[in-house]
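>
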Amino acid sequence: DTEVTQTPKHLVMGMTNKKSLKCEQHMGHRAMYWYKQKAKKPPELMFVYSYEKLSINESVPSRFSPECPNSSLLNLHLHALQPEDSALYLCASSQDQGNVYEQYFGPGTRLTVT
Amino acid sequence: GIQVEQSPPDLILQEGANSTLRCNFSDSVNNLQWFHQNPWGQLINLFYIPSGTKQNGRLSATTVATERYSLLYISSSQTTDSGVYFCAVTGGSYIPTFGRGTSLIVHP
């Protein structure tokens, strides 16, 4: 099974709301990723967790807060977002980060900030 | 970081036609993947191909790592092939980088 699941599929939130995106994989992968994708642009890496520790933070604003509770789960906590944060948020996983491994992506969460 | 360039940016084909998509990268890579993003946003793995040649049905890919490019071949295009094709690479920093993609439209 090469499935990565993400919830919710769609999310509309106001600028003062707090919400969370969730990602789950059961492939035994030890690296998990968050990407942000704006319309007609490629995915941009936000965070990488390797063995449940944050290993890469691509200078993402603090209103995005990642969390990796265990090796199968990855959350992205959202607070005080701006309308320009509206995008498709993609989660991915791979067997490892420090070597040559294939990434598998979830279906994404479409976020609209009003 | 590594620069990734994909060409052409847009491609329009009639059903049944063949096409070649190209991905150039600026430095040596540990990892190279081709993805198809469907209209709903799902990124579908096509090939994991840091070097060599692979085939899967009507699709095939070749990566010449020493010359820093990869090619994706689509034969006998179908309307379901429409979407955006991305090349993504990872180098020594282990930070995945995507190209800007090739947007493919296949008309019946």
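Taken in sequence, the protein lines are chains A and B. Numbering (the working numbering) for the first sequence: 1 to 114. Numbering (the working numbering) for the second sequence: 1001 to 1108. We treat Cβ as the ideally placed atom computed from N, Cα and C, and that holds for glycine.
(1) Looking at the unbroken beta strand (DSSP E) that takes in MET32 of chain A, where does it start and where does it end?
(2) Counting only the same chain and skipping the five closest in sequence on each side, list residues whose C-beta sits under 7 Å from that of GLN1014 of chain B.
(3) For THR1090 of chain B, which three-state DSSP category applies?
(4) Mind checking PRO8 of chain A: buried by the 16 CB within 10 Å criterion, or exposed?
(5) Below 8 Å on the Cβ atoms is my guess for LEU1043 of chain B versus PHE105 of chain A; work out the distance and round it to an integer in Å.
(6) Could you check where the beta strand (DSSP E) with GLU1064 of chain B kicks off and where it finishes?
(7) Excluding the 5 residues preceding and the 5 following GLU102 of chain A in the sequence, name in chain order all residues of the same chain whose CB lies nearer than 7 Å to its CB.
(8) Could you pull the DSSP bridge partners for THR1020 of chain B from this structure?
(9) Is the CB of GLY1099 of chain B under 8 Å away from at least one CB in chain A?
(10) Applying a beta-carbon distance threshold of less than 9 Å, which residues of chain B neighbour GLY108 of chain A?
(11) Could you give the DSSP three-state label for PRO69 of chain A: helix, strand or coil?
(12) Quick check: the Cα distance between GLN1055 of chain B and ILE1049 of chain B, rounded to an integer number of angstroms?
(13) PHE105 of chain A CB to nearest chain B CB: under 8 Å?
(14) Which residues in chain B sit within 8 Å of GLN97 of chain A, going by Cβ to Cβ distance?
Well, looking at it:
(1) Numbered from its first residue, the first sequence carries residue 32 of chain A at position 32. That run of the beta strand (DSSP E) goes 31-37.
(2) Along the second sequence, one-based indexing puts residue 1014 of chain B at 14. Once the five neighbours on either side are set aside, the close Cβ partners of GLN1014 of chain B are HIS1107.
(3) Locating residue 1090 of chain B in the second sequence gives position 90, counting from the first residue. In this structure, THR1090 of chain B counts as strand in the three-state DSSP scheme.
(4) By 1-based counting over the first sequence, the position of residue 8 of chain A is 8. So PRO8 of chain A counts as exposed.
(5) For the purposes of this step, residue 1043 of chain B is taken as the residue at position 43 of the second sequence. For the purposes of this step, residue 105 of chain A is taken as the residue at position 105 of the first sequence. 4 Å between Cβ atoms; contact.
(6) Looking up residue 1064 of chain B in the second sequence gives position 64. One point to set straight first is that residue 1064 of chain B is Val, not Glu, in the sequence displayed. Counting along the chain, VAL1064 of chain B sits inside the beta strand (DSSP E) bounded by residues 1059-1064.
(7) Against the first sequence, residue 102 of chain A aligns to sequence position 102. Counting only Cβ-Cβ distances below 7 Å, and skipping sequence neighbours, we find SER94.
(8) Residue 1020 of chain B sits at position 20 when you count from the first residue of the second sequence. The beta-bridge partner set that DSSP reports for THR1020 of chain B consists of B:TYR1073.
(9) Here residue 1099 of chain B corresponds to residue number 99 of the second sequence, with the count starting at 1. GLY1099 of chain B counts as touching chain A.
(10) By one-based count along the first sequence, residue 108 of chain A stands at place 108. Within 9 Å Cβ-Cβ: TRP1040, GLY1041, GLN1042 and LEU1043.
(11) Counting from 1 along the first sequence, the entry for residue 69 of chain A is found at position 69. DSSP places PRO69 of chain A within a strand segment (E or B) once states are collapsed to three.
(12) Your numbering for residue 1055 of chain B matches position 55 in the second sequence. Your numbering for residue 1049 of chain B matches position 49 in the second sequence. Each residue's alpha carbon lies about 10 Å from the other.
(13) Start at 1 with the first residue of the first sequence, and residue 105 of chain A comes out as number 105. Interface annotation, PHE105 of chain A: in contact with chain B, CB-CB separation under 8 Å.
(14) Walking along the first sequence from the start, residue 97 of chain A turns up at place 97. Contacts between GLN97 of chain A and chain B, judged by CB atoms closer than 8 Å, involve TYR1094 in chain order.
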